[in-house]
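Chemist: Please read through the structure below; I'll follow up with questions.
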Amino acid sequence: MTTALLDAYTRTDTTLPTPTVQSHAANLTVLPGGDLGCVWFGGTQEGMADIAVWFARLAPGSTVWTEPVRLSEDPTRSEQNPILFPAPSGALWLLHTAQRGGDQDTAEVRLRVSHDNGATWDATRTLFPATPGEGGVFVRQPPVVLPTGRLLLPIFRCVVTPGEKWSGDLDTSAVMISDDEGRSWREQPVPGSTGLVHMNVHRLHDGTLLALYRSRRADHVHRSVSSDDGDTWSEPEPLDLPNNNSSIQYVPLHDGRLALVYNHSSAADATDRRVSLYDEIDDAGGLTDGASTTTAVRQAPSAAFWGAPRAPLSLAVSSDGGHTWPLRADLVTGDGYCLTNNSRDGLNRELSYPSVTQAPNGDIHIAYTHHRKEIRHIQLTPRVG
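This is the structure in structure tokens:
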């Protein structure tokens with residue numbers, strides 16, 4: 001780790017107003033008017049039907065976020081993993097998932113559109129339904145617009161073995177491709193991506209598309225590339241960066257470097273593990289008694305690993321197109337306890353699910369989950385001189 005990485009910036013921390021017991025999975029976007037927009041999901045607990053999408057914004061130069069507005073209203077599904085996307089048409093898109101209880105194999109992707117920069121919104125519609133035999137469809141990372149106008153939306157398929165509940169073991173990644181501004185889409189799977197999700201894609205200066213992945217096995221961040229605008233992808237390969245089966249996000253900086261925010265931990269740092277992500281939700285969709293407790297189990301090495309510490313929250317920088325990440329600094333430290341999703345009793349201490357973007361003025365903005373109760377924001381402003 002090096003502190004020199006952060007010496008080039010001044011840092012400002014803010015906390016978003018979050019009105020729910022649990023808040024998680026923030027995504028940041030610089031809005032067309034210059035505000036910083038943030039969406040996340042909040043409610044009682046991930047997988048519960050009261051989980052909904054929330055939206056707040058931060059004006060340039062301000063340290064006070066607007067009061068959050070609720071943007072989803074389905075009382076039968078858990079609405080998760082929101083993304084704000086300023087579309088080429090000038091509209092602002094909200095993408096998010098919607099699933100029944102803890103069953104990610106039932107998830108579909110929904111779309112809501114604003115034509116006035118988020119002041120009002122059209123009705124929600126289903127963009128990608130769950131497909132029988134192919135599993136639920138999830139998003140986490142923002143779409144990419146290529147110079148040709150092509151849109152790429154990274155997804156992952158939540159697949160189950162017939163007769164079993166979803167566990168994450170068989171999830172695979174793909175990109176949805178649209179060449180008509182989102183009116184129609186085709187799916188391009190990533191070969192060799194079983195167990196690799198949250199595909200995060202950007203176009204590099206040489207035209208190559210670089211994708212980084214979260215690993216369900218909690219071993220390493222993985223990397224794959226496309227040289228034909230997403231029509232084909234190399235099989236993902238591990239990087240010399242740990243991953244704990246939690247989300248990552250990177251962004252190309254104005255100077256050509258890549259900035260990645262992630263948890264510098266893996267299964268190797270875990271002394272215990274969870275049975276599954278949703279082992280605290282009963283068959284009726286409610287919280288089980290003693291929902292803060294978990295049971296350690298022995299599973300196959302290829303199985304999804306749940307429970308590795310979600311801390312520290314770290315920043316890494318690459319100058320060679322994402323092959324190596326020699327500069328690293330911890331942004332927030334803690335024990336990262338996440339053997340429970342329980343926010344009701346305040347037991348979860350994860351520092352996770354980062355989102356990172358760079359504003360036109362060069363400021364780097366990072367949002368993350370703090371203990372499954374708050375969304376916090378870090379602004380890194382380049383020092384002058």
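For the sequence shown, position 284 matches number 284 in full-length UniProt numbering, and the numbering has no gaps at all. Note that the Cβ used here is the ideal one computed from N, Cα and C, for glycine as well.
(1) Tell me residue 51's beta-bridge partners as DSSP assigns them.
(2) For residue 213, which of 206, 163, 353, 46 has the nearest alpha-carbon?
(3) Mind pulling the beta strand (DSSP E) runs of 3 or more residues that sit fully within the stretch 16–99?
(4) Suppose only complete runs of 3+ residues qualify. What are the beta strand (DSSP E) ranges in the stretch 109–171, listed by chain order?
(5) So residue 218 is in the alpha helix (DSSP H); what residue range does that whole segment cover?
(6) Does the ligand SAH have a heavy atom nearer than 6 Å to the CB of residue 287?
(7) Can you grab the Cα-Cα spacing for the pair residue 164 / residue 103, in whole Å?
(8) Are the CB atoms of residue 222 and residue 242 nearer to each other than 7 Å?
(9) With burial defined as no fewer than 16 other Cβ atoms inside 10 Å of the residue's Cβ, what is the status of residue 105: buried or exposed?
(10) Out of 85, 162, 126, which one is the CA nearest neighbour of residue 132?
(11) Short check: CB of residue 109 to CB of residue 97, under 7 Å?
(12) State the Cα-Cα distance for the pair residue 76 and residue 325, rounded to the nearest angstrom.
(13) Residue 330 and residue 314 look like a contact to me (Cβ under 8 Å); what is the Cβ gap, rounded to whole Å?
(14) Note down the Cα distance separating residue 293 from residue 257, rounded to an integer number of angstroms.
(15) Would a C-beta distance cut-off of 7 Å place residue 179 and residue 156 closer than the cut-off?
(16) What first and last residue would you give for the beta strand (DSSP E) that runs through residue 260?
(17) Return the CA-CA distance between residue 295 and residue 338, expressed in angstroms with no decimal places.
(18) When the Cα of residue 361 is compared with those of 367, 381, 351, which residue comes out closest?
(19) Using 10 angstroms around the beta-carbon of residue 119, count the other beta-carbons present and answer buried if the total reaches 16, otherwise exposed.
(20) Three or more C-beta pairs closer than 8 Å, one from the stretch 37–56 and one from the stretch 79–94: is that the case here?
(21) So what does residue 210 bridge to, in DSSP terms?
(22) Which residue marks the beginning of the beta strand (DSSP E) containing residue 180, and which one marks its end?
(23) In this structure, does DSSP put residue 269 in helix, strand or coil?
(24) Whole-angstrom Cβ separation of residue 218 and residue 267, contact assumed at under 8 Å?
(25) Can you find the residues in the same chain that come closer than 7 Å, C-beta to C-beta, to residue 58, ignoring five residues on each side of it along the sequence?
(26) Looking at the secondary structure, which residues open and close the alpha helix (DSSP H) in which residue 4 lies?
(27) Kindly indicate the opening and closing residues of the beta strand (DSSP E) around residue 311.
(28) Tell me, please, which residues DSSP counts as bridged to residue 381.
(29) Near residue 12, which residues of its chain fall below 6 Å by C-beta distance, leaving aside the five closest residues on each side in sequence?
(30) Report buried or exposed for residue 63, applying the criterion of at least 16 other Cβ atoms within 10 angstroms of its Cβ.
(31) Any contact of the stretch 222–231 with the stretch 140–152, i.e. 3+ C-beta pairs under 8 Å?
(32) Which residues in the same chain have their Cβ closer than 7 Å to the Cβ of residue 197, if we skip the five residues on either side of it in sequence?
(33) Would residue 20 and residue 43 qualify as a contact pair, given that the criterion is a beta-carbon distance under 7 Å?
(34) May I have the straight-line CA-CA distance separating residue 128 from residue 136, to the nearest angstrom?
(35) Once DSSP output is grouped into helix, strand and coil, what is the label at residue 365?
Modeler: In terms of the structure at hand:
(1) Residue mapping note: residue 51 aligns to position 51 of the sequence shown, counting from 1. Bridge partners of residue 51 according to DSSP: none are assigned.
(2) By one-based count along the sequence shown, residue 213 stands at place 213. Closest option to residue 213, Cα to Cα, is 353.
(3) 22–30, 36–43, 52–58, 78–86
(4) 125–128, 136–138, 151–158
(5) Counting from 1 along the sequence shown, the entry for residue 218 is found at position 218. Counting along the chain, residue 218 falls outside any alpha helix (DSSP H), and DSSP gives it neither H nor E.
(6) This structure does not include the ligand SAH; it has no bound ligands of any sort.
(7) On the sequence shown, position 164 is the one that residue 164 refers to. On the sequence shown, position 103 is the one that residue 103 refers to. So the alpha carbons of these two residues sit roughly 10 Å apart.
(8) Along the sequence shown, one-based indexing puts residue 222 at 222. Along the sequence shown, one-based indexing puts residue 242 at 242. Contact flag unset, no.
(9) The count along the sequence shown starts at 1 and reaches residue 105 at position 105. Buried.
(10) Numbered from 1 along the sequence shown, position 132 holds the residue referred to as residue 132. It is 162 whose Cα lies nearest to the Cα of residue 132.
(11) On the sequence shown, position 109 is the one that residue 109 refers to. On the sequence shown, position 97 is the one that residue 97 refers to. For residue 109 and residue 97, yes; Cβs fall inside 7 Å.
(12) Sequence index remark: in the sequence shown, residue 76 carries index 76 (1-based). Sequence index remark: in the sequence shown, residue 325 carries index 325 (1-based). The alpha-carbon atoms of residue 76 and residue 325 are separated by roughly 43 Å.
(13) For the purposes of this step, residue 330 is taken as the residue at position 330 of the sequence shown. For the purposes of this step, residue 314 is taken as the residue at position 314 of the sequence shown. Their Cβ separation, rounded to whole angstroms, is 5 Å, which keeps residue 330 and residue 314 in contact under 8 Å.
(14) Position 293 of the sequence shown, counted from the start, is the residue given in the question as residue 293. Position 257 of the sequence shown, counted from the start, is the residue given in the question as residue 257. The predicted position of residue 293 is uncertain, since its pLDDT is 43 and thus under 50; a value taken from the coordinates is nonetheless stated next. Going by the C-alpha atoms only, they are around 42 Å apart.
(15) Walking along the sequence shown from the start, residue 179 turns up at place 179. Walking along the sequence shown from the start, residue 156 turns up at place 156. Against a cut-off of 7 Å, the Cβ pair of residue 156 and residue 179 comes out as no contact.
(16) Against the sequence shown, residue 260 aligns to sequence position 260. Counting along the chain, the beta strand (DSSP E) containing residue 260 begins and ends at 258–263.
(17) Mapped onto the sequence shown, residue 295 falls at position 295. Mapped onto the sequence shown, residue 338 falls at position 338. Low confidence applies here, because residue 295 scores a pLDDT of 43, under 50, leaving its location unreliable and the question unanswered by this model.
(18) Here residue 361 corresponds to residue number 361 of the sequence shown, with the count starting at 1. Among 367, 381, 351, the Cα nearest to that of residue 361 belongs to 381.
(19) As a working note, residue 119 is residue 119 in the sequence shown. By the 10 Å Cβ count, residue 119 comes out exposed.
(20) yes
(21) Counted from its first residue, the sequence shown places residue 210 at position 210. Per DSSP, 202, 225.
(22) As a working mapping, residue 180 is identified with position 180 in the sequence shown. First-last for residue 180: undefined, no H or E at that position.
(23) Working through the sequence shown from its first residue, we reach residue 269 at position 269. Helix, per DSSP.
(24) On the sequence shown, residue 218 is found 218 positions in, with the first residue counted as 1. On the sequence shown, residue 267 is found 267 positions in, with the first residue counted as 1. Confirmed, about 4 Å.
(25) Along the sequence shown, read from residue 1 onward, the residue named residue 58 stands at position 58. Counting only Cβ-Cβ distances below 7 Å, and skipping sequence neighbours, we find 35, 36, 65.
(26) Counted from its first residue, the sequence shown places residue 4 at position 4. Its alpha helix (DSSP H) spans residues 4–7.
(27) Taking the sequence shown and counting its residues from 1, one reaches residue 311 at position 311. Premise fails: residue 311 is in no beta strand (DSSP E) and is neither H nor E.
(28) Start at 1 with the first residue of the sequence shown, and residue 381 comes out as number 381. The partner list for residue 381 (beta bridge, DSSP) reads 10.
(29) Against the sequence shown, residue 12 aligns to sequence position 12. Same-chain partners within the cutoff: 379.
(30) As a first step, residue 63 is located in the sequence shown; it is residue number 63 there, counting from the start. Result: exposed.
(31) The count of Cβ pairs closer than 8 Å, one atom from the stretch 222–231 and one from the stretch 140–152, reaches three, so the stretches are in contact.
(32) The count along the sequence shown starts at 1 and reaches residue 197 at position 197. 156, 171, 173, 213, 214, 216, listed in sequence order.
(33) Locating residue 20 in the sequence shown gives position 20, where the first residue counts as 1. Locating residue 43 in the sequence shown gives position 43, where the first residue counts as 1. Cβ distance < 7 Å, so residue 20 and residue 43 count as in contact.
(34) Position 128 of the sequence shown, counted from the first residue, corresponds to residue 128. Position 136 of the sequence shown, counted from the first residue, corresponds to residue 136. So the two alpha carbons sit approximately 9 Å from each other.
(35) Stepping through the sequence shown from its first residue, residue 365 is reached at position 365. Correct three-state label for residue 365: strand.
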